[in-house]
Amino acid sequence: MTARSLTAHRVSVRHGRRTVLEQVSVSVRAGEVVGLTGASGSGKTTLAQVLSGLLQPDTGRVDCDGHELRGKHSGRIAMLFQSPRRSCDPRLTLRESITELARGRIEFEALRGRVGLTADLLDRYPAQVSDGQLQRAAVARVLAARPDYLLCDEMTAMLDPATTATVVRAVTVLAAEGVGVLLISHDLSLLAVSANRVVHLCNPSAEPQRGGSAATSNRHIGVS
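First residue of the sequence shown? That's 189 in our numbering, and the numbers climb one at a time after it.
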């Protein structure tokens, strides 16, 4: 039986004359955490958008469990953004945002506890809580959705150390349950303790690849 994975095959993306991604290949297997790092502007967010199906590459393709991904992903692939305000509906309280996807009160309480979301915050709206508190709710929503793959785009960049530890722990537990996770971060120390392997993404405009090879290189900087 072929191992399940979310895989980009030699994808390229261009914005006008600027090449954002050039023949990039990367794979996230079910049950593993893959770290993705690279300089600002190297195309990390663009690659996540391509893997999620939100952005179609100019060339190349994305396969999800052996089938080519075209357009929307029907909930199989979830994303967590640097700003949790992109993940949570401002019209819903944190409680409503989570219960929208949670299967009953018992699961809701389990999810709330898993991300460390205190009871006093549940009936507040996104505008009434900090980014760290809202990111906990966003992670709880993802846990409730039970995706096959989770793409995390700098999700800890705006968080304090305690919230970062809680959020990353919840995501790595998700991987242990069989979800494939792509963890985008500039924090190499975080990736060293969280990722099974790390991919470094080069900017093709700044660092041309020999013979048009993929603009990625695998570096094992830590195995959890």
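Beta carbons are placed, not taken as given, at the ideal position from N, Cα and C, and that holds for glycine.
Among the candidates Gly-219, Gln-244, Ala-298, whose CA atom is the shortest distance from the CA of Arg-202? With respect to the C-alpha of Arg-202, the residue from Gly-219, Gln-244, Ala-298 having the closest C-alpha is Gln-244.
Can the beta-carbon of Leu-347 be found less than 7 Å from the beta-carbon of Gly-320? For Leu-347 and Gly-320, yes; Cβs fall inside 7 Å.
Classify Thr-344 as helix, strand or coil using the three-state DSSP reduction. Note: Thr-344 maps to coil in three-state DSSP.
Quick check on this structure: which residue in Gly-226, Arg-329, Ser-230 has the alpha carbon closest to the alpha carbon of Leu-209? Considering only alpha carbons, the answer is Ser-230.
With 16 other Cβ atoms within 10 Å as the buried cut-off, status of Ile-294: Classification of Ile-294: exposed, given that the 10 Å Cβ count is below 16.
In angstroms with no decimal places, state the Cα-to-Cα distance between Ser-213 and Arg-283. When rounded, the separation of the alpha-carbon atoms in Ser-213 and Arg-283 is 39 Å.
Given a threshold of 16 other Cβ atoms within 10 Å of its Cβ, counted over all protein chains shown, does Val-221 qualify as buried or as exposed? The residue in question, Val-221, is buried, as its Cβ has 16 or more Cβ neighbours within 10 Å.
Every unbroken beta strand (DSSP E) within the region 313–387, with a cutoff of 3 residues, ordered by chain: Within the region 313–387, the complete beta strand (DSSP E) runs of at least 3 residues are 337–341, 368–372.
Please report the distance separating the alpha-carbon of His-408 from that of Asn-384. Residue confidence for His-408 is low, a pLDDT of 34 falling below 50, so the modelled location carries little weight and cannot support an answer.
Where do the ends of the alpha helix (DSSP H) carrying Glu-295 lie? That run of the alpha helix (DSSP H) goes 292–303.
Is the beta carbon of Val-303 closer than 7 Å to that of Arg-324? Taking a C-beta distance under 7 Å as the contact criterion, Arg-324 and Val-303 qualify as a contact pair.
State yes or no: is the C-beta of Gly-223 within less than 7 Å of the C-beta of His-388? It is not a contact, given that the beta carbons lie outside the stated cut-off.
Report the rounded CA-to-CA distance for Ala-290 versus Phe-296, giving the unit in angstroms. The straight-line gap from Cα to Cα measures roughly 6 Å.
Do you know how far the Cα of Lys-232 is from the Cα of Cys-252? The alpha-carbon of Cys-252 is positioned some 19 Å away from that of Lys-232.
Run of the alpha helix (DSSP H) containing Ala-236, from where it starts to where it stops: For Ala-236, the enclosing alpha helix (DSSP H) has its first and last residue at 232–240.
Three or more C-beta pairs closer than 8 Å, one from the region 306–314 and one from the region 327–339: is that the case here? With the cut-off at 8 Å, the region 306–314 and the region 327–339 do not touch.
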